[in-house]
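A short worksheet on the structure shown next.
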Amino acid sequence: MGLATFKGGIHPYEGKELSENKPVQVLEPKGELVYPMSQHIGAPAKPLVAVGDHVLAGQKIGEAGGFISANVIASVSGTVKKIEPRRMANGAMVPSIIVENDGEYKGIEGLGEDRDPSGLSKQEIRDIVKEAGIVGLGGAGFPTHVKLTPKDENAIEYILVNGAECEPYLTSDYRMMIEEPEKIVGGLKVILQLFDNAKGVIGIENNKPEAIAKLTEMVKDEPRITVCPLKTKYPQGGERSLIYAITGRKVNSSMLPADAGCIVDNIDTVIAIYMAVCKRTPLMRKIITVTGDAVTDPRNFNVKLGTNYQELIEAAGGFKTEPEKILSGGPMMGQALFDLDIPVSKTSSALTCFTKDQVAAMEPTPCIRCGKCVSVCPSKIIPVMMMEAALHNDCEKFEKLNGMECMECGSCTYVCPAKRPLTQAFKDMRRTVAANRRKKG
Ligand code: SF4
Ligand code: SF4
Numbered sequence: 001m002g003l004a005t006f007k008g009g010i011h012p013y014e015g016k017e018l019s020e021n022k023p024v025q026v027l028e029p030k031g032e033l034v035y036p037m038s039q040h041i042g043a044p045a046k047p048l049v050a051v052g053d054h055v056l057a058g059q060k061i062g063e064a065g066g067f068i069s070a071n072v073i074a075s076v077s078g079t080v081k082k083i084e085p086r087r088m089a090n091g092a093m094v095p096s097i098i099v100e101n102d103g104e105y106k107g108i109e110g111l112g113e114d115r116d117p118s119g120l121s122k123q124e125i126r127d128i129v130k131e132a133g134i135v136g137l138g139g140a141g142f143p144t145h146v147k148l149t150p151k152d153e154n155a156i157e158y159i160l161v162n163g164a165e166c167e168p169y170l171t172s173d174y175r176m177m178i179e180e181p182e183k184i185v186g187g188l189k190v191i192l193q194l195f196d197n198a199k200g201v202i203g204i205e206n207n208k209p210e211a212i213a214k215l216t217e218m219v220k221d222e223p224r225i226t227v228c229p230l231k232t233k234y235p236q237g238g239e240r241s242l243i244y245a246i247t248g249r250k251v252n253s254s255m256l257p258a259d260a261g262c263i264v265d266n267i268d269t270v271i272a273i274y275m276a277v278c279k280r281t282p283l284m285r286k287i288i289t290v291t292g293d294a295v296t297d298p299r300n301f302n303v304k305l306g307t308n309y310q311e312l313i314e315a316a317g318g319f320k321t322e323p324e325k326i327l328s329g330g331p332m333m334g335q336a337l338f339d340l341d342i343p344v345s346k347t348s349s350a351l352t353c354f355t356k357d358q359v360a361a362m363e364p365t366p367c368i369r370c371g372k373c374v375s376v377c378p379s380k381i382i383p384v385m386m387m388e389a390a391l392h393n394d395c396e397k398f399e400k401l402n403g404m405e406c407m408e409c410g411s412c413t414y415v416c417p418a419k420r421p422l423t424q425a426f427k428d429m430r431r432t433v434a435a436n437r438r439k440k441g
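Okay, structure coming up:
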């Protein structure tokens, strides 16, 4: 039997060799820490501190502003210097708490202490995850306590851990799978405590044999957990692609994974759950890949939330060539940055820095009607026609073409010989259509 996968997709240049063999390095911040109150999907958090207050590492400094929202936790000890809008990677100015690091890393009482999860009730586990400010760390930013509270918990049959890491250049999940596999299995076991009818499956692309071997060995005596090797193909780690590859179940844009009996969490999210529940450590850090041909020493960092992006570049030896384009994230899903004065947030995953030569190869030209975009689309829609609708701002036509089923995976843009900015156009159209739907109620 072949490896688990989905239909469509592409095989982009992986670029993982730049950083995959370098162990994760802990990076302590040098400058002030910036904590935006909106690092997640849902209502912004509300500041719980005022200018002049002293805070401790692990202290809740922003309170979730509703059920679909997330707490914000201080990652250092120090003094609140300002509360003011600061720019995030997506360009938005977001109210943020700025903390001057005292360099002592003094933590709240009990921080880092062991806790046995076996005696905890389901509600206690959900409360701990909520208090810890955990959201989908793969980039989605959806509050994890909400995801772990589906309408019918008995209908959940699969907890899928997304270890595909199909985005080119990114290697942070890979490093965590080989460096800290016990935390992944520990976190998955905690999640399984919430869902009596579910089994856990860790899906890993087969370009990571060491990770597959390590986790397979680790779960050999776990009756509810297996490892599923996946075909290496982009976007294998897209939520819908992963669900289809492992379970054969289809999810569309009007469904949640829970409607198909699945909950999907990324590697770092599962580790964050383990840390919160078993080590009394709320979400205070991210594993970030700093990579690309413009970077002197590409590598992965374990970095405190709120640290400035500029410090990450410096820690990677700075630029060996003036970068032409810097992305927050990888080349397929990343967001172009115009400034490095941006804090590491819960949804940061990477800094990918391209040289002038690499960017020159991305300039768009007119469509030549080759149909390549159609053949790779995992959502089985027609990017070339959707682009026509997008160019005319024709929302009705875009919807008729099932444009809302687009996963914004970037595969069509990648294969397009004319380098048309298809995915960006679809992102904008999807946002417009969604806003129109909300207006109509
Ligand atoms: S149309 Fe959307 S889902 Fe299809 S390949 Fe393009 S970005 Fe991916
Ligand atoms: S891949 Fe690009 S050039 Fe080919 S049909 Fe699609 S949009 Fe046109």
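The UniProt record's numbering puts the first residue of the sequence shown at 1, with every later residue one more than the last. Where a beta carbon is used, it is the ideal one built from N, C-alpha and C, also for glycine. None of these values were measured; they are calculated from a predicted model.
C-beta atoms of L188 and G200 nearer than 8 Å:
Cβ distance < 8 Å, so L188 and G200 count as in contact.
Sorry if obvious, but does the Cβ on A418 come closer than 7 Å to a heavy atom of ligand 2?
It does: the Cβ of A418 is within 7 Å (strictly closer) of some heavy atom of ligand 2.
Y274, enclosing alpha helix (DSSP H) - first and last residue:
Where Y274 is concerned, the enclosing alpha helix (DSSP H) stretches over I267 to C278.
G371 Cβ short of 7 Å to ligand 2 heavy atom set
G371: yes, Cβ under 7 Å from ligand 2.
For Y244, does the three-state DSSP call read helix, strand or coil?
If DSSP states are grouped into helix, strand and coil, Y244 belongs with the helices.
Does the Cβ of P383 lie closer than 7 Å to at least one heavy atom of ligand 2?
Yes, Cβ of P383 sits closer than 7 Å to a heavy atom of ligand 2.
With residue 529 as the anchor, note down where its beta strand (DSSP E) starts and where it stops.
Nothing can be reported for residue 529: it is not among the residues displayed for the chain, which extend from 1 to 441.
Cα separation between I381 and Q310?
Taking the CA atoms as reference points, I381 sits about 39 Å from Q310.
I think R86 touches V94, with their Cβ atoms under 8 Å apart; what is that distance to the nearest whole Å?
At roughly 6 Å, the Cβ-Cβ gap stays under 8 Å, so R86 and V94 are in contact.
Excluding the 5 residues flanking P41 on each side, which residues of the same chain have their C-beta closer than 6 Å to its C-beta?
At residue 41 the sequence reads Ile, which differs from the Pro that was named. Result list for I41: G141 and F142, in chain order.
Straight-line CA distance for A316 to V161?
Straight-line measurement puts the Cα of V161 at about 29 Å from the Cα of A316.
Assuming the contact rule is C-beta atoms closer than 8 Å, M385 and A425 should be a hit. Round their C-beta distance to whole Å, please.
Incorrect: roughly 12 Å between the Cβ atoms, too far for contact.
Can you tell me whether L422 sits near ligand 3, meaning its C-beta is under 7 Å from at least one heavy atom of the ligand?
With respect to ligand 3, the structure offers nothing, as its ligand set consists of ligand 1 and ligand 2.
Can you find at least 3 beta carbon pairs, one from the stretch 250-257 and one from the stretch 120-130, that sit closer than 8 Å?
Too few Cβ pairs lie closer than 8 Å, so no.
Heavy atom of ligand 2 less than 7 Å from the Cβ of I10, yes or no?
Checking every heavy atom of ligand 2 against the Cβ of I10, none is found closer than 7 Å.
Extent of the continuous beta strand (DSSP E) to which R175 belongs
Premise fails: R175 lies in the alpha helix (DSSP H), S172 to E179, not in any beta strand (DSSP E).
Give the straight-line distance between the Cα atoms of R238 and K279, rounded to the nearest whole angstrom.
The amino acid occupying residue 238 in the given sequence is Gly; Arg does not appear at that position. Our two residues, G238 and K279, have alpha carbons roughly 29 Å apart in a direct line.
Note down, in chain order, each residue of its chain lying with its Cβ closer than 7 Å to the Cβ of T423, except the 5 sequence neighbours on either side.
Take T423, set aside five residues on each side of it, and the residues of its chain with a beta-carbon closer than 7 Å to its own are E408, G410, C412 and T413, in chain order.
Taking the alpha-carbon of D270 as reference, which of P229, P282 and I98 has the nearest alpha-carbon?
Checking the displayed sequence, the identity of residue 270 turns out to be Val instead of Asp. Taking V270 as reference, the option from P229, P282 and I98 with the minimal CA-CA separation is P282.
Can you tell me the Cα-Cα spacing of I204 and E165, whole angstroms?
One Cα belongs to I204, the other to E165, and the distance between them is close to 8 Å.
Closer than 7 Å: is that where the CB of G410 sits relative to any heavy atom of ligand 1?
The answer is yes for G410.
Output yes or no for whether 8 Å exceeds the beta carbon distance between D102 and G78.
Contact: yes.
For the stretch 298-306 against the stretch 32-47, are there 3 or more C-beta pairs whose distance is under 8 Å?
A contact is defined here as three or more CB-CB pairs under 8 Å, and the stretch 298-306 meets this definition with respect to the stretch 32-47.
Own chain partners of P298 with C-beta closer than 8 Å, once the 5 adjacent residues on each side are dropped:
Cβ-Cβ distances below 8 Å link P298 to L18, S19, K22, T289, V290, T291, G292 and A316 in the same chain, with the five nearest sequence neighbours on each side left out; the list follows chain order.
Have a look at K220 and E324 and give me their C-alpha separation to the nearest angstrom.
Roughly 47 Å between the two C-alpha positions.
Under the rule that 16 or more other beta-carbon atoms within 10 Å means buried, what is V277, buried or exposed?
Buried: at least 16 other Cβ atoms inside 10 Å.
Taking K378 and S172 to be in contact with their CB atoms under 8 Å, please state how far apart those CB atoms are, rounded to whole angstroms.
It should be pointed out that residue 378 corresponds to Pro in this sequence rather than to Lys. P378 to S172, Cβ: 23 Å. No contact.
Taking 7 Å as the cut-off, is the C-beta of C353 nearer than that to any heavy atom in ligand 2?
No.
Any chance the CB of P298 is under 7 Å from a heavy atom of ligand 1?
With a cut-off of 7 Å, the C-beta of P298 is classified as distant from ligand 1, since no heavy atom of the ligand falls inside that distance.
Between F426 and ligand 1, is there a pair consisting of the residue's CB and a ligand heavy atom that are separated by less than 7 Å?
Yes, Cβ of F426 sits closer than 7 Å to a heavy atom of ligand 1.
Going along the chain, which residues of its own chain have a beta-carbon closer than 8 Å to the beta-carbon of Y13, five neighbours each way excluded?
Contacts found: P168.
Can you give me the start and stop residues for the beta strand (DSSP E) that I202 sits inside?
Per DSSP, I202 belongs to the beta strand (DSSP E) from K199 to E205.
Same chain, Cβ closer than 7 Å to G91, five either side skipped, listed in chain order
Same-chain partners within the cutoff: there are none.
Per-residue DSSP class, three states only, for A434:
If DSSP states are grouped into helix, strand and coil, A434 belongs with the helices.
Should I246 be labelled buried (16 or more other beta-carbon atoms within 10 Å of its own) or exposed?
With 16 or more Cβ atoms within 10 Å of its Cβ, I246 is classed as buried.
Give the single residue among R420, S75, G186 and A258 whose Cα lies nearest to the Cα of Y274.
Selected option, being the one with the closest Cα: G186.
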